[in-house]
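In this note's numbering, the protein residues as written are 23 to 307.
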């Protein structure tokens, strides 16, 4: 449920479960807090895990703090090393590694991300390594990483999502269609969450089917009206369809509700570069 984006379901099930095993209970609590983070409830997580002991919660707190304050990445990443050292002897070392690697990834330190994921053996860490390699435009290495995941459990949901992401990055006709089938199958198996619907929509955009993509994204918006990925994709599709005002409106919502979103940051960077170039051209006239 967590991987496909059913975060509210994760929270409800985690709160209902009563586990006797300490490690399983810890993993259950951690999954609940991860779902809260995915819902954007950073303050809630920071407030609750600050009173919990153990490297798992320290790593989770680092991730929550970085999500809340991206500008503090330098001070936050400087704490990761100590938490990793503590995590090596913890009940759930793979969980600690996953959170610490996520911190490095969000901070843009891909080398450190891969160093941490390579030291772990979980499917989630492999998926995070694959995601990192795709950001580095190393599709060749990402393909090798996915083959490792196949050997462990090809049918696991996290493996299927990684496979879809890899195919989207390859982006030829056959690969995009394969990714679309993966998202559809997961939607039928579980439920059509905003995460899966956005995946389908991206496939449709790459297949030059903007009208169909817009319909799918509207379904995602009905399920979660403030989801930033849906709003960003709707802005892109609207621009593609010539609906400039709609595009601006969707983008404005993201800027207001999620100013730290990666797309907004990249857009601001490109706008600054454009303004700089325009000023240089005017100065040389």
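Quick reminder that beta carbons are idealized off the backbone N, C-alpha and C, glycines included.
Quick one: Cα of residue 288 to Cα of residue 95, how far?
In the chain shown, counting from the first residue as 1, residue 288 sits at position 266. In the chain shown, counting from the first residue as 1, residue 95 sits at position 73. Roughly 17 Å between the two C-alpha positions.
Rounded straight-line distance, which links the Cα of residue 102 to that of residue 232
Position 210 of the chain shown holds residue 232. Position 80 of the chain shown holds residue 102. Cα to Cα, residue 232 sits roughly 42 Å from residue 102.
Ordered along the chain, which non-local residues of its own chain (more than five positions away) have a Cβ less than 8 Å from that of residue 35?
The residue given as residue 35 occupies position 13 in the chain shown. Excluding residues within five positions, the ones whose Cβ falls inside 8 Å are 23.
Three-state secondary structure (DSSP) of residue 77
Position 55 of the chain shown, counted from the start, is the residue given in the question as residue 77. Three-state result, residue 77: helix.
Look at the Cβ atom of residue 125, then the Cβ atom of residue 98, and state whether they are nearer than 8 Å.
Here residue 125 corresponds to residue number 103 of the chain shown, with the count starting at 1. Here residue 98 corresponds to residue number 76 of the chain shown, with the count starting at 1. Result yes, Cβ atoms of residue 125 and residue 98 sit closer than 8 Å.
Supposed contact pair residue 59 and residue 86 - C-beta distance, whole angstroms, cut 8 Å:
Along the chain shown, read from residue 1 onward, the residue named residue 86 stands at position 64. Along the chain shown, read from residue 1 onward, the residue named residue 59 stands at position 37. That pair is a contact at about 6 Å.
Using the Cβ count rule (16 or more neighbours within 10 Å means buried), how would you classify residue 292?
Reading the chain shown from its first residue, position 270 is the one you call residue 292. Exposed is the call here.
For residue 214, which three-state DSSP category applies?
As a position in the chain shown, residue 214 is number 192, starting the count at 1. Correct three-state label for residue 214: coil.
Per DSSP, what kind of secondary structure is residue 158 in: helix, strand or coil?
In the chain shown, the residue the question calls residue 158 occupies position 136. Here residue 158 sits in coil by DSSP.
What separation, rounded to the nearest whole angstrom, lies between the Cα atoms of residue 221 and residue 184?
For this step, residue 221 is matched to residue 199 along the chain shown. For this step, residue 184 is matched to residue 162 along the chain shown. Taking the straight line from one Cα to the other gives about 12 Å.
Inspect the beta-carbon positions of residue 362 and residue 145 and report whether they are closer than 8 Å.
This structure leaves residue 362 out entirely; the chain is present only between 23 and 307.
Less than 8 Å separating the beta-carbons of residue 167 and residue 190?
Indexing the chain shown from 1 puts residue 167 at position 145. Indexing the chain shown from 1 puts residue 190 at position 168. Against a cut-off of 8 Å, the Cβ pair of residue 190 and residue 167 comes out as no contact.
From 290, 254 and 263, pick the residue whose C-alpha is nearest to that of residue 275; which is it?
Here residue 275 refers to the residue found at position 253 when the chain shown is read from its first residue. Per the Cα distances, 254.
Can you tell me which of the three DSSP states residue 27 falls into?
Residue 27 sits at position 5 when you count from the first residue of the chain shown. DSSP places residue 27 in coil when its eight states are reduced to three.
Beta carbon of residue 65, beta carbon of residue 37: below 8 Å?
By one-based count along the chain shown, residue 65 stands at place 43. By one-based count along the chain shown, residue 37 stands at place 15. In this structure, residue 65 sits away from residue 37, with a CB-CB distance that is not shorter than 8 Å.
I'd like to know whether the C-beta atoms of residue 259 and residue 227 end up nearer to each other than 8 Å.
By 1-based counting over the chain shown, the position of residue 259 is 237. By 1-based counting over the chain shown, the position of residue 227 is 205. Closer than 8 Å, so yes.
How would you call residue 174, buried or exposed, if buried means at least 16 neighbouring beta carbons within 10 angstroms?
Numbered from 1 along the chain shown, position 152 holds the residue referred to as residue 174. Classification of residue 174: exposed, given that the 10 Å Cβ count is below 16.
Exposed unless 16 or more other CB atoms sit within 10 angstroms - verdict on residue 239:
Along the chain shown, one-based indexing puts residue 239 at 217. Label assigned to residue 239: buried.
So residue 61 is in the alpha helix (DSSP H); what residue range does that whole segment cover?
For the purposes of this step, residue 61 is taken as the residue at position 39 of the chain shown. Where residue 61 is concerned, there is no enclosing alpha helix (DSSP H), given that its DSSP letter is neither H nor E.
Cβ of residue 54 within 8 Å of Cβ of residue 71?
By 1-based counting over the chain shown, the position of residue 54 is 32. By 1-based counting over the chain shown, the position of residue 71 is 49. Contact: no.
What's the gap between the Cα of residue 247 and the Cα of residue 104?
Mapped onto the chain shown, residue 247 falls at position 225. Mapped onto the chain shown, residue 104 falls at position 82. Each residue's Cα considered, the two are about 39 Å apart.
Can you name, in chain order, every residue of its own chain whose Cβ lies under 6 Å from the Cβ of residue 280, other than the five neighbours on each side?
Residue mapping note: residue 280 aligns to position 258 of the chain shown, counting from 1. 250, listed in sequence order.
Where residue 277 sits in the DSSP three-state scheme:
The residue given as residue 277 occupies position 255 in the chain shown. Reduced to three states, the DSSP call for residue 277 is helix.
To the nearest angstrom, how far is the alpha carbon of residue 62 from that of residue 116?
As a working mapping, residue 62 is identified with position 40 in the chain shown. As a working mapping, residue 116 is identified with position 94 in the chain shown. When rounded, the distance between both Cα atoms is 23 Å.
Of all the options 79, 177, 142 and 113, which has the alpha carbon lying nearest to the alpha carbon of residue 52?
Taking the chain shown and counting its residues from 1, the one referred to as residue 52 is at position 30. It is 79.
Can you tell me whether DSSP reads residue 266 as helix, strand or coil?
Within the chain shown, the letter at position 244 stands for residue 266. DSSP places residue 266 in helix when its eight states are reduced to three.
Between residue 179 and residue 208, which are expected to be in contact by the criterion C-beta below 8 Å, what is the C-beta distance as a whole number of angstroms?
Stepping through the chain shown from its first residue, residue 179 is reached at position 157. Stepping through the chain shown from its first residue, residue 208 is reached at position 186. Yes, residue 179 and residue 208 are in contact; Cβ-Cβ is about 7 Å, under 8 Å.
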